[in-house]
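Numbering (the numbering used here), first residue to last: 338 to 796. First up is the structure itself, then whatever we jot down about it.
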Ligand code: ARG
């Protein structure tokens, strides 16, 4: 039965029913919908809009529906949306009294409340998955703090860096994401229930009762805004997009670093795939898929902003379009976060290969320029002298570490014996001891700070 059929002479066409329905996807809201209805029925009873007995009968009915849906004995089907489904089922279980549940309520404030409850749960889940990922990155940083790897700019070897500093960089990104999701949660925990269709209600409701039962921090202050506000979904999708973008960058590094050409990391067999034709292949399908899936989440953000931007106040059916994109984004985000954490925790590292690679490509040339600058030569001149030394090495086909003191002195008499140790890979990484820099102690301090900030997100 449709909740609104009284006004119509003819039933809706079958294709219009199919086009209009949302039950096929909003059935995911069954638990939050029933929870909110139980709170609403409690409030109706407490405020005298229905009797305490009626309230108890309705709550019993709703509780039995919830448990039957959970166990799978009640299939969620045969109605326009989840709200109609629950109400129809309630009436068929408890009779006429079930029809009183919708007093002082509209599906407009009901669906807005359901979505907030659902998104809030999702935010909690995402935060714990993100915290687990940062925790894993911290373990990798700890385990690899002794090692040095190449640091890149423009995907060309730039300067040697500490391995822990590398993992810390991603931890910083994901910590910012955690803070962003937490801020989103704090802002969205406002209850729209009680706004009714758009203008509020003439019944003597007490919104404080439902607020408390549903654990909202506050109640909405404008009913027109409350029924049409989906900012929290757009904000969730923005936070999710940034997280997916960060993950996608980590994927790109993973794909490069595990290639034969780099050979820095080894993807665990359990998280690799093969080729149906080339027996030798070990493919990075998981990072490739995560990188690929980031596009759908970014797309859902664009879709919701576009759906909302032209809406006149207050509720419009366009808002039904908030759901499928959000559900897909949250599933994608959660799956990507958990698979990446699992894969990274089993990743192995060719630390010798990384160390050797860090010394290739004249990656310690900046250290020679810095050496000269510290002897009083203006940095621009020091840069030019070092450039000549690099050119000399390219001509002679030798690395900087193979140069003799005499060869250094031919370029500038400011060089002394100690330049020979300044150009080694490890010395180069160690030299950058500024806060957040590539030295071992700076990387350790960075890790400590990350762990301190992560603590509040670990349960
Ligand atoms: N399925 C609808 C949605 O998701 C529920 C609210 C319907 N309200 C209405 N006035 N038709 O937005």
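Just so you know, even glycine gets a beta-carbon here, dropped at the ideal spot from N, CA and C.
Going by C-alpha positions, residue 382 is about 7 Å away from residue 391. When the Cα atoms are used, residue 372 and residue 507 turn out to be separated by approximately 38 Å. For residue 445, the Cβ falls inside the 6 Å cut-off from some heavy atom of ligand 1. Three or more Cβ pairs closer than 8 Å define a contact, and the stretch 757-772 meets that threshold against the stretch 689-698. In this structure, DSSP gives residue 772 a state outside helix and strand, which the three-state scheme calls coil. DSSP places residue 496 inside the beta strand (DSSP E), whose first and last residues are 493-499. Rounded to the nearest whole angstrom, the C-alpha separation of residue 531 and residue 463 is 29 Å. With a minimum length of 3 residues, there is no unbroken run of beta strand (DSSP E) contained wholly in the stretch 540-606. Taking each of 402, 417 and 416 in turn and checking the Cα distance to residue 410, the smallest one comes out for 402.
Between the C-alpha atoms of residue 425 and residue 432 there is a straight-line separation of about 10 Å. Scanning 446, 578, 595 and 380 for the CA closest to the CA of residue 657 turns up 446. Not one heavy atom of ligand 1 falls within 6 Å of the beta-carbon of residue 369. Around the Cβ of residue 630, a 10 Å sphere holds 16 or more other Cβ atoms; the residue is buried. Taking the C-beta atoms as reference points, residue 608 is found no nearer than 7 Å to residue 681. For residue 490, the enclosing beta strand (DSSP E) has its first and last residue at 485-490.
Between residue 579 and residue 472, the gap from beta carbon to beta carbon reaches 7 Å or more. Residue nearest to residue 477 within the set 795, 792, 787 and 794 is 787 (criterion: CA-CA distance).
For residue 527, DSSP records a beta bridge to 555.
Residues of the same chain with a CB within less than 8 Å of the CB of residue 423, apart from the 5 flanking positions on each side, are 367, 370, 371, 374, 399 and 402 in chain order.
Three or more Cβ pairs closer than 8 Å define a contact, and the stretch 577-593 meets that threshold against the stretch 618-627. Closer than 6 Å to some heavy atom of ligand 1: that does not describe the Cβ of residue 515.
Here residue 387 is buried: its Cβ has 16 or more other Cβ atoms, across all protein chains shown, within 10 Å. Of the candidates 751, 362 and 772, 751 places its Cα closest to the Cα of residue 713. Between residue 443 and residue 376, the C-beta spacing is not below 7 Å. CA-to-CA, the gap between residue 346 and residue 397 works out to about 35 Å. For residue 357, DSSP records no beta bridge to any residue.
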